[in-house]
Amino acid sequence: MLGFPGVESVPAERAFRDVGFDSVTAVQLRNRLNRVTGLSSPATLVFDHPTPLALARYLRGEILPESVRAEMSVFEELDRLEQAVTGREHEAIARTKIRIRLQSLLASLDGTGSPVPAGTGPDLGLDSLGAASDDELLRFIDTQLR
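Residue 107 in this note's numbering is what sits at position 116 of the sequence shown, and the numbering runs on without skipping anything.
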């Protein structure tokens, strides 16, 4: 339509208007998408979803079954979690909390464990490990290894 050599050269987050779309090309794109997808999208489709990325997300939501969308949502959240966990340095206590929560989540997913183990939630004592006595630390470690 606009003479891009391939899909990879279309900037995903750049507005359609910025790459040369006007109302005529917007309607042409909508018509092509309606033919290919079987949808009945409004003439304002490109303006309602102003970037290729926004339009692709909209189309994915309209075309894919709910079960597939739900699964994809889980993977998107896992990607965000991975970035949050690996994107910066965490203090030892924070790393311990993160590790315990992730292990608990995996155990729940496998059906072998319960939700967050007692004493490992965000407000359940891990913040004070630096002030804990040796006995308290050993008790904490012992409860985590059970």
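Built from N, CA and C at the ideal position, the CB exists for glycine as well.
Integer Cβ distance of residue i from residue j, believed to fall under 8 Å
i            : j          : result
proline 43   : alanine 3  : 5 Å
glutamate 53 : leucine 30 : 6 Å
Residue i in three-state terms, based on DSSP
i                 : result
phenylalanine 131 : helix
serine 32         : coil
phenylalanine 7   : helix
proline 43        : helix
Exposure of residue i, with buried meaning 16 or more beta-carbon neighbours within 10 Å
i                : result
arginine 71      : exposed
serine 32        : buried
leucine 97       : exposed
leucine 55       : exposed
leucine 100      : exposed
leucine 46       : buried
phenylalanine 66 : exposed
Whole-angstrom distance between residue j and residue i, CA atom to CA atom
i             : j            : result
arginine 60   : glutamate 68 : 12 Å
asparagine 22 : histidine 40 : 15 Å
asparagine 19 : alanine 34   : The sequence shown places glutamine at residue 19, not asparagine. Straight-line Cα distance between these residues: approximately 9 Å.
arginine 90   : serine 58    : 29 Å
aspartate 9   : valine 1     : 11 Å
Other residues of its chain near residue i: CB distance less than 8 Å, five sequence neighbours each side excluded
i            : result
lysine 51    : Residue identity check: residue 51 is arginine in the sequence provided, not lysine. Excluding residues within five positions, the ones whose Cβ falls inside 8 Å are Arg60, Met63.
threonine 28 : Leu50, Glu53, Ile54
Same chain only: Cβ atoms within 6 Å of residue i, ignoring 5 sequence neighbours per side
i          : result
leucine 24 : none
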